[in-house]
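Participant:
There are 2 protein chains.
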Amino acid sequence: MLAGIVNSYPQLVHRVDDSRVIIKNVEKKQVGLVSGGGSGHEPAHAGFVGEGMLSAAVLGDVFTSPTPDQIEIAIEHADQGAGVLLIVKNYTGDILNFEMAKDLAEMNDIDVKMVVVDDDIAVEDSTYTAGKRGVAGTILVHKILGDAAKNGTNLADLKTLGDQVVAAIKTIGVALKAATVPEVGKPGFLLAENEIEFGVGIHGEPGYRREKLQSSMTLAKELVNKLLVSYKQKPQEIGVLVNGMGGTPLMEQFIFINDVLNLLKQENIQVAFHKVGNYMTSIDMQGLSLTFIDLTDTKWQAALTSPVKTISW
Amino acid sequence: MLAGIVNSYPQLVHRVDDSRVIIKNVEKKQVGLVSGGGSGHEPAHAGFVGEGMLSAAVLGDVFTSPTPDQIEIAIEHADQGAGVLLIVKNYTGDILNFEMAKDLAEMNDIDVKMVVVDDDIAVEDSTYTAGKRGVAGTILVHKILGDAAKNGTNLADLKTLGDQVVAAIKTIGVALKAATVPEVGKPGFLLAENEIEFGVGIHGEPGYRREKLQSSMTLAKELVNKLLVSYKQKPQEIGVLVNGMGGTPLMEQFIFINDVLNLLKQENIQVAFHKVGNYMTSIDMQGLSLTFIDLTDTKWQAALTSPVKTISW
Numbered sequence: 001m002l003a004g005i006v007n008s009y010p011q012l013v014h015r016v017d018d019s020r021v022i023i024k025n026v027e028k029k030q031v032g033l034v035s036g037g038g039s040g041h042e043p044a045h046a047g048f049v050g051e052g053m054l055s056a057a058v059l060g061d062v063f064t065s066p067t068p069d070q071i072e073i074a075i076e077h078a079d080q081g082a083g084v085l086l087i088v089k090n091y092t093g094d095i096l097n098f099e100m101a102k103d104l105a106e107m108n109d110i111d112v113k114m115v116v117v118d119d120d121i122a123v124e125d126s127t128y129t130a131g132k133r134g135v136a137g138t139i140l141v142h143k144i145l146g147d148a149a150k151n152g153t154n155l156a157d158l159k160t161l162g163d164q165v166v167a168a169i170k171t172i173g174v175a176l177k178a179a180t181v182p183e184v185g186k187p188g189f190l191l192a193e194n195e196i197e198f199g200v201g202i203h204g205e206p207g208y209r210r211e212k213l214q215s216s217m218t219l220a221k222e223l224v225n226k227l228l229v230s231y232k233q234k235p236q237e238i239g240v241l242v243n244g245m246g247g248t249p250l251m252e253q254f255i256f257i258n259d260v261l262n263l264l265k266q267e268n269i270q271v272a273f274h275k276v277g278n279y280m281t282s283i284d285m286q287g288l289s290l291t292f293i294d295l296t297d298t299k300w301q302a303a304l305t306s307p308v309k310t311i312s313w
Numbered sequence: 001m002l003a004g005i006v007n008s009y010p011q012l013v014h015r016v017d018d019s020r021v022i023i024k025n026v027e028k029k030q031v032g033l034v035s036g037g038g039s040g041h042e043p044a045h046a047g048f049v050g051e052g053m054l055s056a057a058v059l060g061d062v063f064t065s066p067t068p069d070q071i072e073i074a075i076e077h078a079d080q081g082a083g084v085l086l087i088v089k090n091y092t093g094d095i096l097n098f099e100m101a102k103d104l105a106e107m108n109d110i111d112v113k114m115v116v117v118d119d120d121i122a123v124e125d126s127t128y129t130a131g132k133r134g135v136a137g138t139i140l141v142h143k144i145l146g147d148a149a150k151n152g153t154n155l156a157d158l159k160t161l162g163d164q165v166v167a168a169i170k171t172i173g174v175a176l177k178a179a180t181v182p183e184v185g186k187p188g189f190l191l192a193e194n195e196i197e198f199g200v201g202i203h204g205e206p207g208y209r210r211e212k213l214q215s216s217m218t219l220a221k222e223l224v225n226k227l228l229v230s231y232k233q234k235p236q237e238i239g240v241l242v243n244g245m246g247g248t249p250l251m252e253q254f255i256f257i258n259d260v261l262n263l264l265k266q267e268n269i270q271v272a273f274h275k276v277g278n279y280m281t282s283i284d285m286q287g288l289s290l291t292f293i294d295l296t297d298t299k300w301q302a303a304l305t306s307p308v309k310t311i312s313w
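Chains as they are written, first to last, in full-length UniProt numbering: chain A, 1 to 313; chain B, 1 to 313.
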């Protein structure tokens with residue numbers, strides 16, 4: 001898969017020899033941004049490597065964290081002398097390995113800081129996770145920090161910005177059918193015909209409720225309400241990301257985002273940014289997630305809409 | 001779905017009031033390009049409306065041709081006084097309705113010509129089709145003709161160019177699992193576990209053989225060979241499109257295109273353009289198609305890679 005990615009987009013990215021690291025072609029003096037995690041979430045994260053977003057992505061096996069030595073290769077190649085920021089989804093294995101890689105790189109005199117994304121509001125403490133999980137909202141972190149890094153923000157300020165951005169992002173997902181990990185050969189969990197699970201994670205981790213499949217509008221109401229009440233103060237202006245899980249037709253995603261946008265209009269919430277498509281998938285899972293980012297009193301809208309040169313943004 | 005598309009991308013497209021027509025925002029004096037067909041193939045065709053590609057897309061119900069009056073609305077709104085070219089996939093219903101709309105528009109003094117795309121080499125005369133079917137290669141027609149129209153090519157020359165481009169494009173697909181039309185509620189055909197069908201169409205039309213699922217490389221060999229022998233002269237330089245059918249993870253598509261590119265290298269065929277992702281889907285069908293366009297002695301490479309402003313190219 002790594003070979004396929006770099007052979008399909010040689011104008012944008014290349015692979016660090018004999019590694020699991022995909023890195024952007026154009027190297028500019030800026031803080032390096034490195035993200036990654038298990039494979040199976042394509043286009044995340046390699047699809048977001050390029051000018052204005054990530055410097056490098058490091059890929060583990062399917063649903064498995066990359067190893068510390070692989071992550072360290074990414075850090076070394078992403079460093080232009082201004083340090084490296086790691087953007088890590090909150091899973092125990094990822095945190096452990098990225099932390100270890102950070103220690104290794106620091107021994108080689110590279111400044112490294114880490115931002116942990118935990119945007120999934122569905123459940124606390126899930127399979128593989130202490131605290132909340134990191135899911136589709138991660139790509140908004142890539143985008144906003146990528147824009148800031150490109151514009152010369154230093155490592156310390158990027159870390160501060162990253163923590164602020166993460167705090168503003170909330171995601172919740174639903175699934176109609178679980179992903180099948182190739183090596184396992186059968187779906188990770190079973191839902192009855194016409195049954196959905198609310199709050200499911202991007203590796204098929206359990207959610208908070210199963211019930212009969214409902215209309216897109218009924219689904220949208222539950223997810224929009226859950227997200228809005230998760231903010232301490234109701235946002236006045238937001239960005240919206242509807243993310244397909246890999247096996248969900250774009251047709252259904254467009255119907256769903258339309259319902260979401262109509263509900264937000266009724267709530268008098270301004271939508272300053274929206275995006276719909278497959279960005280953080282779970283192999284062939286049928287389902288989608290809804291992400292809000294609170295843009296009230298921020299200047300992040302410009303960062304979300306600035307041009308980038310990546311495979312998949 | 002139409003509302004979702006235009007509400008998600010108001011900066012690019014809008015909807016002609018009370019119609020099934022999605023049209024680009026920026027209107028420039030050029031030949032109008034109109035395409036369309038049944039829904040269920042998203043992002044085709046609305047995702048390819050915008051500067052440098054289509055002027056308008058007209059959407060029927062799922063897997064059902066739009067009606068002549070809807071197509072005529074698209075033609076009227078796409079016409080800037082330089083005429084309109086229709087790009088139609090070869091299905092009996094589409095041909096009939098686009099022909100009828102052409103007649104209606106001509107009565108209103110609009111010059112209209114039509115290019116029929118029949119790139120699928122799998123079978124002659126399939127369900128819904130006399131002759132070969134039009135499938136994923138259609139988006140390469142959109143791109144090349146869109147570039148030419150933007151650069152001022154007149155209607156007659158666009159028609160000639162369109163027919164040349166169509167003749168250079170060959171596609172073949174495989175499926176692991178059929179699409180489920182929402183109103184029907186069950187898959188259009190059944191394959192056994194680990195069985196694939198070669199040559200399947202984008203509405204689940206029958207292909208030419210069923211057999212056990214094989215490795216990506218074995219699949220790639222069959223599809224590459226079938227495509228290459230379908231050309232009268234073996235191409236020296238081609239463009240490659242790997243198209244996911246809607247339910248196929250991007251992970252698998254990257255693995256497959258890598259095998260295809262390796263096989264083409266062995267054949268000493270230059271690949272001047274490649275693209276991978278979900279472009280012409282069949283709702284949630286699991287499968288993919290492979291398209292070649294013969295670029296030997298053409299200048300179409302520049303047209304394939306020029307920048308556009310669309311949702312999905």
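All residues carry an ideal CB built from backbone N, CA and C; glycine is no exception. Note that the coordinates shown come from a computational prediction; the quantities given were computed from them, not determined experimentally.
Please name the residues in the region 191-208 of chain A whose beta-carbon is closer than 9 Å to at least one beta-carbon of chain B, in chain order.
Facilitator: Per Cβ criterion, the list is empty.
Participant: Please name the residues in the region 43-54 of chain B whose beta-carbon is closer than 7 Å to at least one beta-carbon of chain A, in chain order.
Facilitator: If the cut-off is 7 Å between Cβ atoms, the region 43-54 of chain B has Pro43 near chain A.
Participant: Taking glutamine 236 of chain B as the reference, give the member of B/Glu195, B/Leu191, B/Ala168 with the closest Cα.
Facilitator: Checking every option, the nearest Cα to that of glutamine 236 of chain B belongs to B/Ala168.
Participant: Can you tell me where the alpha helix (DSSP H) with isoleucine 95 of chain A in it begins and where it stops?
Facilitator: Unbroken alpha helix (DSSP H) run through isoleucine 95 of chain A: 92-107.
Participant: Whose C-beta lies closer than 7 Å to the C-beta of methionine 53 of chain B among residues of the same chain, with five residues either side of it excluded?
Facilitator: Only His142, Lys143, Gly146, Val308, Thr310, Trp313 meet the Cβ criterion.
Participant: Leaving out five residues on either side along the sequence, give the residues of the same chain with a beta carbon under 7 Å from the beta carbon of lysine 177 of chain A.
Facilitator: These residues qualify, in order along the chain: Pro187, Leu191, Gly247, Met285, Gln286.
Participant: Provide the residue span of the alpha helix (DSSP H) that contains threonine 291 of chain B, from first to last.
Facilitator: Unbroken run through threonine 291 of chain B is the beta strand (DSSP E), 286-294; no alpha helix (DSSP H).
Participant: Spell out whether any CB of chain B is found under 8 Å from the CB atom of asparagine 90 of chain A.
Facilitator: No, because no Cβ of chain B sits closer than 8 Å to the Cβ of asparagine 90 of chain A.
Participant: Can you list, in chain order, the residues of its chain whose CB lies under 6 Å from that of threonine 291 of chain B, leaving out five sequence neighbours each side?
Facilitator: Hits under 6 Å: Ala136, Gly137, Thr171, Leu241.
Participant: Quick one: does threonine 281 of chain A have its CB under 8 Å from some CB of chain B?
Facilitator: True, the Cβ-Cβ gap to chain B drops below 8 Å.
Participant: Quick one, are the C-beta atoms of tyrosine 128 of chain B and glycine 93 of chain B less than 8 Å apart?
Facilitator: Result yes, Cβ atoms of tyrosine 128 of chain B and glycine 93 of chain B sit closer than 8 Å.
Participant: DSSP has glycine 36 of chain B in a bridge; who is on the other side?
Facilitator: Beta-bridge pairing links glycine 36 of chain B to B/Val58.
Participant: Is the region 294-309 of chain A close to the region 255-275 of chain B, with three or more CB pairs under 8 Å?
Facilitator: They do not touch, by the three-pair rule.
Participant: Excluding five sequence neighbours on each side, which residues of the same chain lie with their C-beta closer than 8 Å to the C-beta of asparagine 194 of chain A?
Facilitator: Cβ within range, chain order: Lys212, Leu213.
Participant: Suppose you measure from the CA of asparagine 7 of chain A to the CA of lysine 159 of chain A; what does that come to, to the nearest Å?
Facilitator: One C-alpha to the other measures close to 33 Å.
Participant: For the region 104-124 of chain B and the region 74-90 of chain B, state whether three or more C-beta atom pairs, one from each stretch, are separated by less than 8 Å.
Facilitator: Yes: the two stretches touch, three or more of their Cβ pairs being nearer than 8 Å.
Participant: Could you work out which residue in B/Pro206, B/Val184, B/Ala74 is closest to valine 123 of chain B when comparing CA atoms only?
Facilitator: Cα-wise, what sits closest to valine 123 of chain B is B/Pro206.
Participant: May I ask which residues mark the beginning and end of the alpha helix (DSSP H) holding phenylalanine 256 of chain B?
Facilitator: Counting along the chain, the alpha helix (DSSP H) containing phenylalanine 256 of chain B begins and ends at 250-266.
Participant: Taking only three categories from DSSP, how would you classify alanine 179 of chain A?
Facilitator: Of the three classes helix, strand and coil, the one that applies to alanine 179 of chain A here is coil, per DSSP.
Participant: Roughly how many angstroms separate the alpha carbons of alanine 78 of chain B and isoleucine 23 of chain B, rounded to a whole number?
Facilitator: Those two C-alpha atoms are separated by around 8 Å.
Participant: Taking glycine 247 of chain A as the query, report the chain B residues whose CB atoms sit under 7 Å from its CB, ordered along the chain.
Facilitator: Residues of chain B passing the Cβ test: Gly247, Asp284.
Participant: Counting only beta-carbon separations shorter than 8 Å, does methionine 100 of chain A have a partner in chain B?
Facilitator: With 8 Å as the cut-off, methionine 100 of chain A does not count as an interface residue toward chain B.
Participant: Can you give me the start and stop residues for the beta strand (DSSP E) that histidine 274 of chain B sits inside?
Facilitator: Histidine 274 of chain B -> beta strand (DSSP E) spans 270-277.
Participant: Buried or exposed for methionine 107 of chain B, please, with buried defined as at least 16 other CB atoms from any protein chain shown within 10 angstroms of its CB.
Facilitator: Label assigned to methionine 107 of chain B: exposed.
Participant: Helix, strand or coil for lysine 7 of chain B? Go by DSSP, reduced to three states.
Facilitator: Going by the sequence as given, residue 7 of chain B is asparagine instead of lysine. Helix at asparagine 7 of chain B.
Participant: How about tyrosine 279 of chain B and alanine 46 of chain B: do their beta carbons lie closer than 8 Å?
Facilitator: No; because the gap between Cβ atoms is not below 8 Å, this pair is not in contact.
Participant: Taking 8 Å as the cut-off, decide whether the C-beta atoms of valine 13 of chain A and glycine 50 of chain A are in contact.
Facilitator: Their beta carbons are under 8 Å apart, which means valine 13 of chain A touches glycine 50 of chain A by this criterion.
Participant: When Cβ atoms are compared, which residues of the region 234-263 of chain A fall closer than 7 Å to chain B?
Facilitator: Those residues of the region 234-263 of chain A that come within reach of chain B (Cβ to Cβ, closer than 7 Å) are Gly246, Gly247, Pro249, Leu250, Met251, Phe254, Ile255, Ile257, Asn258, Leu261.
Participant: On the criterion of 16 or more Cβ atoms from any shown chain inside 10 Å, does glutamine 270 of chain B qualify as buried, or is it exposed?
Facilitator: Exposed.
Participant: From serine 230 of chain A to glycine 131 of chain A, what distance separates their C-alpha atoms?
Facilitator: Serine 230 of chain A and glycine 131 of chain A: Cα-Cα distance of roughly 15 Å.
Participant: With a CB to CB cut of under 6 Å and the five nearest residues on each side skipped, what residues in its chain are close to serine 216 of chain B?
Facilitator: Contacts found: Ile255, Phe256, Asp259.
Participant: Report the CB separation of lysine 226 of chain A from isoleucine 121 of chain A in whole angstroms; it is logged as a contact under 8 Å.
Facilitator: With 8 Å as the limit, lysine 226 of chain A and isoleucine 121 of chain A qualify as a contact, their Cβ atoms being about 7 Å apart.
Participant: When burial is assigned at 16 or more other CB atoms within 10 Å of the CB, is proline 182 of chain A buried or exposed?
Facilitator: Per the 10 Å Cβ criterion, exposed.
Participant: Looking at the C-beta of serine 8 of chain A, does it have a partner C-beta in chain B at a distance below 8 Å?
Facilitator: Output row for serine 8 of chain A: interface = yes.
Participant: Using a Cβ-Cβ distance under 8 Å, would valine 276 of chain A count as near chain B?
Facilitator: Output row for valine 276 of chain A: interface = yes.
Participant: If you draw a straight line from the C-alpha of phenylalanine 63 of chain A to the C-alpha of proline 249 of chain B, how long is it?
Facilitator: Each residue's alpha carbon lies about 14 Å from the other.
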